[in-house]
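The next block holds one structure in the form of structure tokens; read it before the comments.
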């Protein structure tokens, strides 16, 4: 069973990593104004609405680093939520992927992988603030199958563009970068090794306070998760249009930032 006992199991195998299945209110600092998205049938007011979906506060070195809504049936995250707080990029370490019970495994990316899928992190190392947060992202509950060419070219462009926009617009009253990010996927109709769902689309959105104009701003992107994808398929859209797109594919009732951020 995928429940709070996962913390004990992880302590026995990986002493430094704990994916705690708890209410998102325990790690609300990763959501804009402390409120997680509402997704009908999945997540309402920080609580899972279906046993298929687990709310995870990702802990590393005794501190929460980010949050993940995890789909135990498809063995992929629905989204990861995190903050971006610094301008500089932290050096990426060697891959040290961490396995957890009843999720995707490293072996899933090593066997019968003709299309060269790699675990693509929804919370990328390029958006982290310190070395411990970098290491915390190397959990497969934060990752989905992405073709290596797509991940290392097309999606990296999106992550870089997001970071540039956040550094330009997202500052707190002390002029320090502060942005709230959600990055997620839409499940596809194919599986990796008959276990792990290969998403059809990847999306990302940020919301922050633009102190110079005294307003909250947002930017969002989505694209298809395909190995032959190219830059012209990346869609920049406003928050309202992204929510409409997600509503059409996930069944409706989606509010990513609790109505607090501009949807235009």
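Numbering (mature numbering (1 follows the signal peptide of the UniProt record, and there is no 0)), first residue to last: -19 to -1, 1 to 245.
Here a beta-carbon is modelled for each residue, glycine too, at the ideal position from N, C-alpha and C.
Rounded to a whole number of angstroms, what is the C-alpha to C-alpha distance between residue 135 and residue 6? Across the structure, residue 135 and residue 6 are spaced so that their CA atoms are roughly 34 angstroms apart.
Note the first and the last residue of the continuous beta strand (DSSP E) segment covering residue 124. 124 to 128
Alpha-carbon spacing of residue 175 relative to residue 4, whole angstroms: 30 angstroms
Three-state secondary structure (DSSP) of residue 40: strand
Which value, in whole angstroms, describes the spacing of the CA atoms of residue -6 and residue 245? The predicted position of residue -6 is uncertain, since its pLDDT is 43 and thus under 50; a value taken from the coordinates is nonetheless stated next. Taking the straight line joining both Cα atoms gives about 44 angstroms.
Can you check whether the CB of residue 242 is closer than 8 angstroms to the CB of residue 12? no
Identify the residues that DSSP records as bridge partners of residue 52: which are they? 34, 57
Does residue 175 come out as helix, strand or coil in the three-state DSSP assignment? coil
If you reduce the DSSP assignment to three classes, tell me which class residue 146 lands in. helix
If you draw a straight line from the alpha carbon of residue 29 to that of residue 104, how long is it in whole angstroms? 21 angstroms
Applying the criterion that 16 or more other CB atoms from any shown protein chain within 10 Å of the CB defines a buried residue, is residue 164 buried or exposed? buried
Element boundaries [beta strand (DSSP E), containing residue 246]: A question about residue 246 goes unanswered here, because the residues of the chain that appear run from -19 up to 245.
Taking the C-alpha atoms as reference points, what is the distance between residue 54 and residue 168? 11 angstroms
Identified DSSP bridge partners for residue -1: 39
Candidates 133, 217, 180, 152: which alpha carbon is nearest residue 190's? 152
Use the C-beta contact count for residue 160: other C-beta atoms within 10 angstroms, 16 or more gives buried, fewer gives exposed. buried
So who's on the other strand from residue 248, going by DSSP bridges? Here the chain has residues from -19 to 245 only, and residue 248 is not among them.
Beta-carbon separation of residue 27 and residue 36 under 8 angstroms? yes
In the DSSP assignment, find the unbroken beta strand (DSSP E) run with residue 183 in it and report its ends. 182 to 191
Three-way DSSP call (helix, strand, coil) for residue 163 in this model: Residue state, collapsed to three classes: strand.
Where the beta strand (DSSP E) containing residue 250 begins and where it ends: Nothing about residue 250 can be read from this structure; the chain reaches only from -19 to 245.
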